[in-house]
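Enquirer:
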Amino acid sequence: MSDKFFFKGRKTPKPKHESFGYNTKRAAKPGTEALPLQLIVADEARKLEVAAIVAEHQLFANIEVNADVAEDILELEGLLNKPKTTTFEKKPNRNEPCACGSGQKFKKCCGK
Numbered sequence: 001m002s003d004k005f006f007f008k009g010r011k012t013p014k015p016k017h018e019s020f021g022y023n024t025k026r027a028a029k030p031g032t033e034a035l036p037l038q039l040i041v042a043d044e045a046r047k048l049e050v051a052a053i054v055a056e057h058q059l060f061a062n063i064e065v066n067a068d069v070a071e072d073i074l075e076l077e078g079l080l081n082k083p084k085t086t087t088f089e090k091k092p093n094r095n096e097p098c099a100c101g102s103g104q105k106f107k108k109c110c111g112k
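Residue 1 is where the sequence shown starts when you use the UniProt record's numbering, and the numbers rise one by one after that.
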């Protein structure tokens, strides 16, 4: 019995971090040195434009020039156009001073 938690037939308990939803087998993030973006462009001029965009955003990419295939920079566009989280201003409580500057409570001024 080499199991240090062996007591009344119990085996070693499962590590907690797996059951709490932590991703222990995460893949490399796209656009890094470990997983560069794979981009295809039509000509050298376009390659320079795309390389400037990649460098500006501090990403890594393998840019291939191939005039026979349609341009494929979807991976880059997906990283650059991530949706932004929307935030809302907090609505004032009824008894707080009104934001319009009248000096009255919100419920008696703009909250009607």
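Ideal Cβ placement from N, Cα and C applies to all residues, glycine included.
#1: Does DSSP put Val69 in a helix, in a strand, or in coil?
#2: Going by the beta-carbon positions, is the gap between Leu37 and Leu76 smaller than 7 Å?
#3: Tell me the residue span of the alpha helix (DSSP H) that contains Leu48.
#4: Leaving aside the five residues before and after Cys98 along the sequence, list all residues of the same chain whose C-beta is less than 6 Å from its C-beta, in chain order.
#5: From Val50 to Arg26, what does the alpha carbon distance come to, in whole angstroms?
Expert: According to the data block:
#1: In the structure shown, Val69 sits in coil (DSSP, three-state: anything other than H, G, I, E or B).
#2: Taking 7 Å as the Cβ cut-off, Leu37 and Leu76 qualify as a contacting pair.
#3: Residues Glu44 to Glu56.
#4: For Cys98, same chain residues with a beta-carbon under 6 Å away, outside a window of 5 residues either side, are Gln104, Phe106, Cys109 and Cys110 in chain order.
#5: For Val50 and Arg26, the gap between their C-alpha atoms comes out near 28 Å.
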